[in-house]
Structures are given as C-alpha cells and as structure tokens.
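A.B. asks: If you're matching positions, the sequence shown starts at 2 in the working numbering and goes up one per residue. Quick reminder that beta carbons are idealized off the backbone N, C-alpha and C, glycines included. Please read these numbers as outputs of a predicted model, since none were measured by experiment. Sharing a structure below in structure tokens format, with a few things to ask.
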Amino acid sequence: MDKIELNKKLNNGEQWGFRKDTNDHEYLGWILINKLPKLSFTPKREDYLEEYLYFIKLREAEKREKTPYHVIIKELRRDVHESGKYETGDDIRQKDNYYFSCIDDVEKFMHELGYSFDNIKHRGEIDAP
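Below, the structure is given as structure tokens:
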C-alpha cells in the first residue's frame, strides 16, 4: 500500500501494522500504527480542581497536535493472546510507544526496522491484540 492510501485509512481511525518476529515461540509480536485524533476540546483551567491535572491534559492535547502518528511495538505471551484472556503487565514482554509528526517519519522509522508499507496489513489480518 502506498503511504497516501495508508494515511487516508489512518485518518479514518483504522490501525495497520506488521507481525514482528520475537525469536521465542512463547511470544507473539506486532508493530501497530495508528493516528491519534485531535481532542475535540481544548482543556480549560477552570475545569480542573488541581492545576497539575490541567497541565497534563494540556500537554496531551499539544502532543496529539504535534505528533499524531503513534507506533506501538508489542510482544505478548502467546498463550494469553490465543486464550483471549485479558492481558496483564506480566504477560507483556515489550511495549514501546513512538510518536511522529508525519507519515514520512513513520515510513522512515519502519524502513529502519526492516519493514515497508508495501507489506502492511490491517490489524485484523495480523490478529493484533
């Protein structure tokens, strides 16, 4: 898929990605890409009793505005995923989050990891958690 088409799908709220080799039969791995929607409101100071809570929400809104492309690299115990159980912290071996300002930066990052948008699949096709 080309990045223009992928970007349209991400703008529609879809999540796409790749299966990731874990070098361990006990674990499954994925690299997932989505685009975070802009917050539908701007946080207002008067809406929060504690000033620090307001600043947390404000930073979140600014981050979504500046770096909406989200890449998650995740490894999960195979038995937990295949059983359909709710995963807990002990079940996850890796969960790294990366944020990018544009689809070009995501594409570059994927190439550095050895992946290409030509081979990207919808999350349902790769049995993503």
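#1: What did DSSP end up calling Leu29 once you bin it into helix, strand or coil?
#2: Got a sec, what are the start and stop residues for the alpha helix (DSSP H) Asp106 sits in?
#3: Report the residue from Asn24, Glu27, Asn35 whose alpha carbon sits nearest the alpha carbon of Ile121.
#4: Buried or exposed for Leu11, going by 16 or more other Cβ atoms inside 10 Å?
#5: According to DSSP, is Gly18 helix, strand or coil?
#6: Exposed or buried, which one is Arg78 when buried takes at least 16 other CB atoms within 10 Å?
#7: For Pro69, count neighbouring C-beta atoms within 10 Å of its own C-beta (all shown protein chains included) and say buried if the count is 16 or more, exposed if not.
#8: Go ahead and pull the three-state DSSP assignment for Ile93.
#9: Does the beta-carbon distance from Arg65 to Lys39 come in below 7 Å?
#10: Counting only the same chain and skipping the five closest in sequence on each side, list residues whose C-beta sits under 8 Å from that of Ser117.
#11: Considering Tyr70, what are the terminal residues of the beta strand (DSSP E) in which it resides?
C.D. replies: By the coordinates alone:
#1: Sequence index remark: in the sequence shown, residue 29 carries index 28 (1-based). In this structure, Leu29 counts as strand in the three-state DSSP scheme.
#2: Here the question's residue 106 lines up with position 105 in the sequence shown. Start and end: 104-114.
#3: Counting from 1 along the sequence shown, the entry for residue 121 is found at position 120. Checking every option, the nearest Cα to that of Ile121 belongs to Asn35.
#4: Taking the first residue of the sequence shown as position 1, residue 11 is located at position 10. Result: buried.
#5: Position 17 of the sequence shown, counting from 1, holds the residue named residue 18. Strand, per DSSP.
#6: Taking the sequence shown and counting its residues from 1, one reaches residue 78 at position 77. By the neighbour-count rule (16 or more Cβ atoms within 10 Å), Arg78 is buried.
#7: As a first step, residue 69 must be located in the sequence shown, where it is residue number 68. Flag for Pro69 reads buried.
#8: By 1-based counting over the sequence shown, the position of residue 93 is 92. Strand.
#9: Position 64 of the sequence shown holds residue 65. Position 38 of the sequence shown holds residue 39. Yes, these two residues count as a Cβ contact at 7 Å.
#10: Here the question's residue 117 lines up with position 116 in the sequence shown. Result list for Ser117: Met111, in chain order.
#11: As a first step, residue 70 is located in the sequence shown; it is residue number 69 there, counting from the start. Start and end: 70-78.
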